[in-house]
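Residue numbers (my numbering), protein chains in the order written: chain A, 2 to 116; chain B, 2 to 116. Have a look at the structure below, then the notes.
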DNA sequence: AGGCATACTTACATTTTTGTTCGTTACTTA
DNA sequence: TAAGTAACGAACAAAAATGTAAGTATGCCT
């Protein structure tokens, strides 16, 4: 696997590419929440621990641009926005699930409590 | 999944924990190379694109401390060191493989060339 | 008129991660 | 004697990711 360019950025392997799309602190938590229902901005904001508006809207915008989620704006007052997962996002949820299970195994392996 | 502490650090979900152990730019490339044979330090250094001594020895040390790899020093001159994967590391390789396949799929999906 | 609500954006500060350069040990070879 | 080699470590610099604080629009409610 040689290096390759994408989005004006250099990558060295497929994992790096995948994590450039769904990595970082908040994208997986967002996709995970959207996996079985629509969520609005404010609900995501209060559900995801410690997330700031900056990181939430930045993450949502990138996931949207990359086609992992879709967005619907309802012209109400105050405005309402709903985010949904797309087909591409559903594929991401599969690997997120695998990573999550691996993480749970590792936690057991390291003797970390979980309730 | 509530927050939890490990290694004096706060985590919010199992994925975050897993990636604290095998994430970053170089740990997966290292584990990937060790999956079917022993490698010595200098071979890893020249095989992994752009890696510096600092990052290589830092990554190796952490993987070693966390039990993903083992190390054998041969008292020759100049010294020779060999790194091997452990059982815990082999489990990591499984999820790395999944992530890699997902990355390849994503690349196709985004129309990125691969030879 | 003033405050509240939602869904954001912008500027700036701080933290985390990674890169660069240099030094070390102990012996061997030119 | 000087230079080379393998496998690092330490100090410092730069870059990338994240955090903080504040501001925006529209319109309702009091």
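Every residue gets a Cβ at the ideal spot worked out from N, C-alpha and C, and that includes glycine.
Considering only beta carbons, the part of the segment 2-26 of chain B lying closer than 7 Å to chain A consists of 4, 5, 7, 13, 14, 15, 16, 18, 19, 22, in chain order. Inter-segment contact for the segment 41-54 of chain B and the segment 24-31 of chain B is present: three or more beta-carbon pairs are separated by less than 8 Å.
In the structure shown, the three-state DSSP call for residue 85 of chain B is strand. Counted as a single uninterrupted DSSP element, the alpha helix (DSSP H) harbouring residue 17 of chain B occupies residues 15-23.
Nearest to residue 112 of chain A by alpha-carbon distance, out of B/79, B/80, B/67, B/112, is B/67.
In this structure, the straight-line span from the alpha carbon of residue 105 of chain B to that of residue 9 of chain A is close to 18 Å. Between the alpha carbons of residue 39 of chain A and residue 46 of chain A lies a distance of about 14 Å. Straight across, the Cα-Cα distance linking residue 12 of chain B with residue 78 of chain B is about 44 Å. Nearest C-alpha to residue 57 of chain B among B/26, B/114, B/71, B/36: B/26. Close CB contacts of residue 18 of chain B within its chain, under the 6 Å cut and outside five residues either way in sequence, are with 12 (chain order). Put simply, the CB of residue 104 of chain A is near chain B, with a gap under 9 Å to one of its CB atoms. Not a single C-beta of chain A is nearer than 9 Å to the C-beta of residue 40 of chain B. Straight-line measurement puts the Cα of residue 108 of chain A at about 9 Å from the Cα of residue 7 of chain B.
Assignment of residue 73 of chain B by DSSP, reduced to helix, strand and coil, places it in the strand class. Between residue 64 of chain A and residue 20 of chain B, the gap from beta carbon to beta carbon reaches 9 Å or more.
9 Å or more divides the Cβ of residue 90 of chain A from the Cβ of residue 75 of chain A. Comparing alpha-carbon positions, the option among B/72, B/34, B/3, B/44 lying closest to residue 94 of chain B turns out to be B/34. Linking residue 87 of chain B to residue 87 of chain A through their CA atoms gives a straight-line distance of about 38 Å. Linking residue 23 of chain A to residue 16 of chain A through their CA atoms gives a straight-line distance of about 11 Å. When rounded, the separation of the alpha-carbon atoms in residue 81 of chain A and residue 73 of chain A is 8 Å. At a beta-carbon threshold of 7 Å, the residues of chain A lying near residue 89 of chain B are 110, ordered along the chain. In this structure, DSSP gives residue 99 of chain B a helical state, which the three-state scheme calls helix. CA-to-CA, the gap between residue 96 of chain B and residue 44 of chain A works out to about 31 Å.
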